[in-house]
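One structure is given here, and the rest of the page talks about it.
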Amino acid sequence: MPTVPIEISARHCHLSQTDLDILFGKGYALTPTKPLSQRAQYAAREVVEVQTPSSWGLPPHTDFTFGKAPDHNQIRILGPVREHTQVELSWSDCVSAGIEPRVLVSGDWKRSAGGLILIGPNGEVKLERGVIVPQRHIHSHTDKARELGLKHGQIVSVKVLDEDQKSSLCPITFHNVIIRIHPTFDWQMHLHTDEGNAAGITGMAKGEIMI
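Counted the way our numbering counts, the sequence shown spans residues 37 to 247.
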């Protein structure tokens, strides 16, 4: 069976240029600080504060709890800019924020949730759409997909492997993993933090694809 590296994707957001201008100023450009596993994508230096209508203005707190931490509810911006702003959270994050968790493929903007307020140094954006729990997925270059006989949108299962007998790892199997194919994608599986915690993954891991 083919294997795939597994990476945990923590809460983050992608911004449209329009919203970036509102939050940071007209014509603002993100500052790349760290390349990501997918080509041409990066973590930016900039962060935004995230609040809900019910949490805005509450006293600061040291934890990331949406409702109790106005000064600490910051999430990283990933670049480059996109057509639509998208905030990617775990299921637990959505519950904390009082938002209906909607598990969707990245980019499914029309079916995404709203209800968050993004606050930057220059302004704020109230999201009516754009909040998702990302469906677990595998990025694949077109050549790799052809080699393995995988199709874009195909659903597979992936078993977490415990090759080094790490006591922290739980060799569970994730179902409903969607294959995403593009010429710029590198071979990688992405889970959100709830899923990573369930499998005991603290850094990188490896999974076996069950087609």
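The C-beta atom is built at its ideal place from N, Cα and C for all residues, glycine as well.
Which residues does DSSP pair with residue i in a beta bridge?
i, result
"A79", "K70, L114"
"K187", "DSSP lists no partner for K187."
"S176", "I217"
"G239", "In DSSP, G239 forms no bridge with anything."
"M37", "Its beta-bridge partners do not exist; DSSP assigns none."
By how many angstroms is the C-alpha of residue j removed from the C-alpha of residue i?
i, j, result
"V117", "S52", "5 Å"
"K146", "A235", "31 Å"
"S148", "V196", "29 Å"
"T209", "S193", "7 Å"
"V255", "V169", "The displayed coordinates of the chain run from 37 to 247. Any statement about residue 255 would go beyond what the structure contains."
"V139", "C49", "15 Å"
"K70", "I113", "11 Å"
"T98", "H173", "With a pLDDT of 47 at T98, under the threshold of 50, the modelled position of that residue is not reliable, and no figure is offered here."
"H177", "I217", "6 Å"
Is the Cβ-Cβ distance between residue i and residue j less than 8 Å?
i, j, result
"V161", "D55", "yes"
"L152", "A133", "yes"
"V277", "G232", "Lying before the first or after the last residue shown, residue 277 is absent from the chain, which here runs from 37 to 247."
"M37", "I214", "no"
"T238", "S126", "no"
"Q87", "I135", "no"
"H175", "F221", "yes"
Is residue i buried or exposed, if buried means 16 or more other CB atoms sit within 10 Å of its CB?
i, result
"M225", "buried"
"G115", "buried"
"F206", "Here residue 206 is Cys; the residue named in the question, Phe, does not match the sequence. Exposed, since its Cβ has fewer than 16 Cβ neighbours within 10 Å."
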